[in-house]
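Trainee: The number in this note's numbering is simply the position in the sequence shown, starting from 1, with 219 added. Mind looking over this structure? Questions follow.
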Amino acid sequence: MYPWKSVFPGLSEQSGTPALRFSTLLQMFRDRRFRHDCLARPCLGFLIALLLLSPSALSAQAVYAANQIPANGVQIECRISIEDPLAHLYAVEIDIRGIQADDLQLAMPAWAPGDRRIRDFARNVQNFQVRSRSGNRSLNWEKTDKQTWEILKRPDDDVIITYDVYSTGLTAEMADISGPATYMYVVGHKHVPVALRYEKPRPWDIHTGLERRGGAYRAPDYDVFIDAPAFVGEARVHEFTSEDVPYRLVFSDPTVEFNEEQLLTDIQDIVEATVQLFGSPPHKSYTFLFKIIPTAGSSGLEHLNSTRITVGRNDFASGLRYERFLFVVAHEFVHVWNGKRIRPSSESTFDYTREAPTRLLWLTEGLTSYYARLLLARTRILPIQAYQVQLAQEINRLQHAPGRFLMSLEEASWEAWAPSDNSDNNSISYYTKGEITGFLLDIEIRARTGSEKSLDDVMRYLMETYANQGVGVPEDGFLMALNTVVGSDFEQFYGSVIQSRTELDYTSYAAQAGFRVRADRQLPTLYMGIQFVEAEGGLARISRVIPDSPASAAGLDTGDILLAFADRRVTFSNFQGEFRRRKLGETIDLTITRGDRILVLEFTPSEIQEETWSIVDEPNATEEQMEIRNRWIGELN
């Protein structure tokens, strides 16, 4: 070890992470007096070698600064066995060595990073057993709460824990493994590196973001370990390389069909555009895990160097569903930076026993959606006109949410862990309003700085200031970053758009980029004021009653099943047609079932003119406004 204090005065072991120490070293070397002193010492070659190393080589600190603790001889190795897929049971073994104590605790996470819902994964654990490594003795243990097992042992005992985990993700076709739902952690030792070995059916392959070395998959700590899902089975795999980083596309069904050239080109364009936005990728490799499902629609969950995305088997053949799929791909890949590295301080260190609320989910989720859609437009995967239509649809969705007057963006973020049973009527989506806020904020920054600065610069500042140091963003950190980067006070914007429950002023912000956001009234239509879903037998079940609507006045309730309008039978498929046959002001006998009762209610439809929001080009936009717009949408050109 080099004597840092004597060779480089002012650069101590307490100078922060390796990235911080490297930054300090560069600043010191720029100082003329330091260069003179250094040249007088036998350290010049070492210094030059340091400066020639890439920043990534010197910033190989843990993703989570809280985990930068020596293992002190503790070793943890896991083994997962897949013996009978139809039993839906994983056999897990955890070999723990070097803990000099007379007891230790094992715990199962109650939630998964990025999911933000209490899942209580311990409920699927069975057949928990403990034995000592030496002598193979059974050890006493006790389950002390819903997710923790306490083990009694001698201080010099190394122990082996075994248990089974039930999982519907394990089928005869493949194992779809989620780390938090499968692997326990040693309480107080989450910072210890973890090795993982598989025992699997012979024809199956392993696909995961974990690095394989020495016959095992390895992670620098437990938090990184469980943040790498795995597909184990027969899959269709494609690869490409961008800036010397390999990317793997793993499709759970090897028979799925799609246009291979187009899909690989589109995803590579997304990857390269995102890297250009945020800077060098913080991963050595990246794995897209695509779970093929029979139904339409895409959703995903982000991870440090991988993502798991569901996609309908036939979505690749549908233009709109394929666009949705690419949006999810872009959203999850943007999360590599915003969400996994740029993250709230409540996620600086994970406490898997309880919720981790924050007021910044609009930042990590809403702005991620903003960039996902914008990057599709910047790469021309999505034409600019289509981008405007889709963003207008998000505005339309927000403007038709009754909860927009009852909940701010910060409040929506904070309440994410425990949504109300009345959320349809009293809440908003931090994804939707967060994306709209990103659009308005980006335009405002560009307008204030003459297009010299943008939201892109703020995100890069958050990466440098917080993410690259392995720490989270404090609750007021985004506003501080915004003011610092732009050199302007955004407190009023922050208060009115992010902290307030008032309507957003779309017009004044969007106009600065030559856009007009307008609401057009549609033709009058009959209005009932319900939302409904298909129930058993093809009937229509009410899923929501709009407050102060004709349905509310008639006494309809959520859960009611519609049977007839007057003497006409109603089903899920014919309900809309039967309703449109009615006349304004006509009183109708509506027959419903509510529980075990049959009721007849008097219902009178009213008339409504819906508003539909759109974003259109301002025909008389100024040169300055067009400059802002062109720089914004063409940032990557």
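Idealized CB from N, CA, C, for every residue including glycine. This one's a predicted model, so the numbers in the text were calculated from it and none came from an experiment.
What are the start and end residues of the beta strand (DSSP E) that includes Arg432?
Mentor: By 1-based counting over the sequence shown, the position of residue 432 is 213. Element bounds for Arg432: Glu430 to Arg432.
Trainee: Are there any heavy atoms of the ligand ADP lying less than 6 Å away from the beta-carbon of His522, as far as the coordinates show?
Mentor: The model depicted lacks the ligand ADP and carries no ligand whatsoever.
Trainee: Please classify Lys652 as buried or exposed, where buried requires at least 16 other C-beta atoms within 10 Å of its C-beta.
Mentor: Taking the first residue of the sequence shown as position 1, residue 652 is located at position 433. Result: buried.
Trainee: Could you give the C-beta distance for Phe497 and Met678, rounded to a whole number, given that I count them as a contact under 8 Å?
Mentor: Within the sequence shown, the letter at position 278 stands for residue 497. Within the sequence shown, the letter at position 459 stands for residue 678. The pair is a contact, with the Cβ atoms about 7 Å apart (cut-off 8 Å).
Trainee: Between which residues of its own chain and Asp377 is the CB-CB distance below 6 Å, once the five residues before and five after are set aside?
Mentor: On the sequence shown, residue 377 is found 158 positions in, with the first residue counted as 1. So the qualifying residues of the chain are Arg316 and Arg352.
Trainee: For Leu520, collect the residues of the same chain with a Cβ closer than 6 Å to its Cβ; drop the 5 residues on either side in sequence, then sort them by chain order.
Mentor: Here residue 520 is taken as the residue at index 301 of the sequence shown, counted from 1. Result list for Leu520: Gly333 and Arg527, in chain order.
Trainee: On the three-state DSSP scale, how would you describe Ser771?
Mentor: Taking the sequence shown and counting its residues from 1, the one referred to as residue 771 is at position 552. If DSSP states are grouped into helix, strand and coil, Ser771 belongs with the helices.
Trainee: Trp423 bridges to which residues according to DSSP?
Mentor: As a working note, residue 423 is residue 204 in the sequence shown. Trp423 is not bridged to any residue.
Trainee: Out of Lys365, Gly452, Leu579 and Arg432, which has the shortest C-alpha to C-alpha gap to Ile396?
Mentor: The residue given as residue 396 occupies position 177 in the sequence shown. Closest option to Ile396, Cα to Cα, is Gly452.
Trainee: Consider the Cβ of Gln607: report whether some Cβ of chain D lies at a distance smaller than 7 Å.
Mentor: Of the chains in the structure shown, none is chain D; there is only one protein chain.
Trainee: Going by DSSP, what residues sit across from Trp360 in a beta bridge?
Mentor: Here residue 360 is taken as the residue at index 141 of the sequence shown, counted from 1. Note: Trp360 sits in a beta bridge opposite Ile370.
Trainee: Does DSSP put Phe624 in a helix, a strand or coil?
Mentor: Locating residue 624 in the sequence shown gives position 405, counting from the first residue. It is helical.
Trainee: Residues in the same chain with beta-carbon distance under 8 Å from Tyr466, minus the five sequence neighbours each way, listed in chain order, please.
Mentor: Within the sequence shown, numbered from 1, the residue matching residue 466 stands at position 247. Within the same chain, Tyr466 has close Cβ partners Glu458, Phe459, Thr460, Ile486, Gln487, Val490, Ser504, Tyr505, Thr506 and Phe507.
Trainee: Near Ser762, which residues of its chain fall below 7 Å by C-beta distance, leaving aside the five closest residues on each side in sequence?
Mentor: As a first step, residue 762 must be located in the sequence shown, where it is residue number 543. The residues are Gln750, Phe751, Val752 and Thr777.
Trainee: Specify the secondary structure class of Gly669 as computed by DSSP and reduced to three states.
Mentor: Taking the sequence shown and counting its residues from 1, the one referred to as residue 669 is at position 450. DSSP places Gly669 in coil when its eight states are reduced to three.
Trainee: What distance in whole Å lies between the Cβ atoms of Phe509 and Leu483, which are believed to be in contact at a cut-off of 8 Å?
Mentor: For the purposes of this step, residue 483 is identified with residue 264 of the sequence shown, where counting begins at 1. For the purposes of this step, residue 509 is identified with residue 290 of the sequence shown, where counting begins at 1. Contact doesn't hold; Cβ gap of about 13 Å is too wide.
Trainee: Could you tell me which residues DSSP pairs with Ile528 in its beta bridges?
Mentor: Here residue 528 is taken as the residue at index 309 of the sequence shown, counted from 1. The partner list for Ile528 (beta bridge, DSSP) reads Phe509 and Gly519.
Trainee: Based on DSSP bridge pairs, tell me the residues matched to Ser461.
Mentor: As a first step, residue 461 must be located in the sequence shown, where it is residue number 242. Paired residues: Val464.
Trainee: Exposed or buried, which one is Arg848 when buried takes at least 16 other CB atoms within 10 Å?
Mentor: Mapped onto the sequence shown, residue 848 falls at position 629. Buried is the call here.
Trainee: Using alpha carbons as the reference points, say which of Gly814, Phe734, Ile817 and Ser833 lies closest to Ala840.
Mentor: Indexing the sequence shown from 1 puts residue 840 at position 621. Of the candidates Gly814, Phe734, Ile817 and Ser833, the one whose C-alpha sits nearest the C-alpha of Ala840 is Phe734.
Trainee: What residue does the beta strand (DSSP E) around Asp739 start on, and which one ends it?
Mentor: Sequence index remark: in the sequence shown, residue 739 carries index 520 (1-based). Unbroken beta strand (DSSP E) run through Asp739: Phe734 to Arg740.
Trainee: Please report how far the alpha carbon of Val406 lies from the alpha carbon of Ile852, in whole angstroms.
Mentor: By 1-based counting over the sequence shown, the position of residue 406 is 187. By 1-based counting over the sequence shown, the position of residue 852 is 633. Those two C-alpha atoms are separated by around 48 Å.
Trainee: Quick test of your reading: Leu325 and Ile380, contact by CB under 8 Å. State the CB separation rounded to the nearest angstrom.
Mentor: Position 106 of the sequence shown, counted from the first residue, corresponds to residue 325. Position 161 of the sequence shown, counted from the first residue, corresponds to residue 380. Right, the Cβ-Cβ distance comes to about 6 Å (below 8 Å), so this counts as a contact.
Trainee: Answer yes if the stretch 722 to 732 comes into contact with the stretch 589 to 608, meaning at least three C-beta pairs across the two stretches below 8 Å, and no otherwise.
Mentor: The stretch 589 to 608, when compared against the stretch 722 to 732, does not touch it at the 8 Å Cβ threshold.
Trainee: Count the CB pairs spanning the stretch 412 to 427 and the stretch 289 to 296 that are closer than 8 Å, and state whether there are at least three.
Mentor: In short, these stretches touch, since the Cβ pair count reaches three.
Trainee: For Leu681, collect the residues of the same chain with a Cβ closer than 7 Å to its Cβ; drop the 5 residues on either side in sequence, then sort them by chain order.
Mentor: Position 462 of the sequence shown holds residue 681. Contacts found: Ile561, Val692 and Ala700.
Trainee: Determine the DSSP secondary structure at Leu277, reduced to helix, strand or coil.
Mentor: Numbered from 1 along the sequence shown, position 58 holds the residue referred to as residue 277. With a pLDDT of 37 at Leu277, under the threshold of 50, the modelled position of that residue is not reliable, and the figure given next carries that caveat. Looking at Leu277 - three-state DSSP - the assignment turns out to be helix.
Trainee: So if DSSP puts Arg298 in a beta bridge, which residue, or which two residues, is it bridged to?
Mentor: The residue labelled residue 298 in the question sits at position 79 within the sequence shown. Partner(s): Glu312 and Arg416.
Trainee: Do Gln345 and Asp383 count as a contact pair if the criterion is CB distance below 7 Å?
Mentor: Locating residue 383 in the sequence shown gives position 164, where the first residue counts as 1. Locating residue 345 in the sequence shown gives position 126, where the first residue counts as 1. Their beta carbons are under 7 Å apart, which means Asp383 touches Gln345 by this criterion.
Trainee: Since Phe751 is in the beta strand (DSSP E), which residue starts that stretch and which ends it?
Mentor: Position 532 of the sequence shown, counted from the first residue, corresponds to residue 751. That run of the beta strand (DSSP E) goes Ile749 to Glu753.
Trainee: Tell me the rounded alpha-carbon separation between Val530 and Thr726.
Mentor: In the sequence shown, residue 530 corresponds to position 311, counting from 1. In the sequence shown, residue 726 corresponds to position 507, counting from 1. About 36 Å.
Trainee: Measure from the alpha carbon of Ala284 to the alpha carbon of each residue in Ser639, Ala310 and Asn687, then state which is nearest.
Mentor: The count along the sequence shown starts at 1 and reaches residue 284 at position 65. The shortest C-alpha separation from Ala284 is found at Asn687.
Trainee: Does Pro769 pass the burial test, meaning 16 or more other C-beta atoms within 10 Å, or should it be called exposed?
Mentor: Along the sequence shown, read from residue 1 onward, the residue named residue 769 stands at position 550. It counts as buried.
Trainee: So, with DSSP's three-state summary, where would you put Trp832?
Mentor: Locating residue 832 in the sequence shown gives position 613, where the first residue counts as 1. Three-state DSSP puts Trp832 in a strand.
Trainee: Would you mind listing the beta strand (DSSP E) stretches within the stretch 772 to 823 that are 3+ residues and don't spill past its ends, in chain order?
Mentor: Fully enclosed beta strand (DSSP E) runs of 3 or longer: 780 to 784, 807 to 813 and 816 to 822.
Trainee: Which partner residues does Ser648 have in the DSSP bridge list?
Mentor: Here residue 648 corresponds to residue number 429 of the sequence shown, with the count starting at 1. Per DSSP, none; premise fails for Ser648.
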